[in-house]
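Undergrad: Under the numbering used here, the first residue of the sequence shown is numbered 4, with each subsequent residue one higher.
By construction, the Cβ of each residue, glycine as well, lies at the ideal position given by its N, Cα and C atoms.
For clarity, every value in this text was computed on a predicted model and none was experimentally measured.
This structure is in C-alpha cells; I'll ask about it shortly.
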Amino acid sequence: MNYSKLPYYILFLFLFIVAQSLSMWGQFVTLPYKNLSMWEAYKMAIPFAWLDWFVMTFVIMIGDKYELVTPTQDTFLLIIIQFCLILLINQFYLKQQVTRSDIIAFFIILFGFFVSFSHLISKLLNIPITIHTDENPIHEKFENPIHNKSKHSNKKM
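Structure, rendered in C-alpha cells:
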C-alpha cells in the first residue's frame, strides 16, 4: 500500500461510512411506524437518500481521483458497510438479535473483499493483473474532439 495515499483512504472510508449510514438509516427509519401512509414514509426517508447521494458523489470522486479502489472493490465495500449497519440498526433500533449465521456471512463477505483487493486468486493461478490507465483505448471513444484539438489538428479537410 502506498502510504502517501493513507489520508485519502481514511477520508474515503470515513465519507463512505457516513454516506451509507445515511442511506441505511433512511431505509429503516420508518419500520417501527406501522400506520404510515406511503407518502408519509417517503417524506421521512427521502432526505436521507438525498444526503447519501450528495456525500457519495464526493466519495466516488476521491476514490477515482486518487485511484484508491476499483469499481468491484467499491461494490464490496458498499456491501460490507451496509451489512454492518443493518446488523447495528437491527440490534439497537429494531431490537432484533444478531445470529451466528449473520456473523458467518460477515466473514465470508470480508474474505471476498480480501481476495478482490489482494488479487489472491490471480496471484495463485499466475493470471496477469490488468492495470487500467487513462491511456487505455476504451477511453478514446468518449473524448470530446473539440476539447482535444491536438489529436485532430494535423488532419486536412
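1. Can you tell me whether DSSP reads THR75 as helix, strand or coil?
2. Sorted by chain position, which residues of the same chain lie with C-beta nearer than 7 Å to MET59's C-beta, five sequence neighbours on each side aside?
3. What whole-angstrom Cβ distance do SER119 and GLN76 have, given they're in contact under 8 Å?
4. Does the stretch 114 to 128 come close enough to the stretch 55 to 71 that 3 or more CB-CB pairs lie under 8 Å?
5. Would you identify the three-state DSSP class for SER40, choosing helix, strand or coil?
6. Taking CB distances under 8 Å as the criterion, tell me whether GLN100 reaches chain C.
7. Take the Cβ of HIS142 as the centre, count every other Cβ of all protein chains shown within 10 Å, and call the residue buried at 16 or more, exposed below.
8. Kindly confirm or deny that the stretch 27 to 36 and the stretch 45 to 63 touch, where touching means at least three C-beta pairs closer than 8 Å.
9. Quick one, which of LEU34, PRO74, LEU18 has its alpha-carbon nearest TRP56's?
10. Name the two residues that bound the continuous alpha helix (DSSP H) containing GLN23.
TA: Result, derived from the coordinates:
1. helix
2. ALA22
3. 6 Å
4. no
5. coil
6. Among the protein chains of the structure shown there is no chain C, as only one such chain exists.
7. Only weak support is given to the placement of HIS142: the predicted model assigns it a pLDDT of 43, under 50, and the value that follows is read from those uncertain coordinates. HIS142 comes out exposed.
8. yes
9. It is LEU18.
10. 9 to 31
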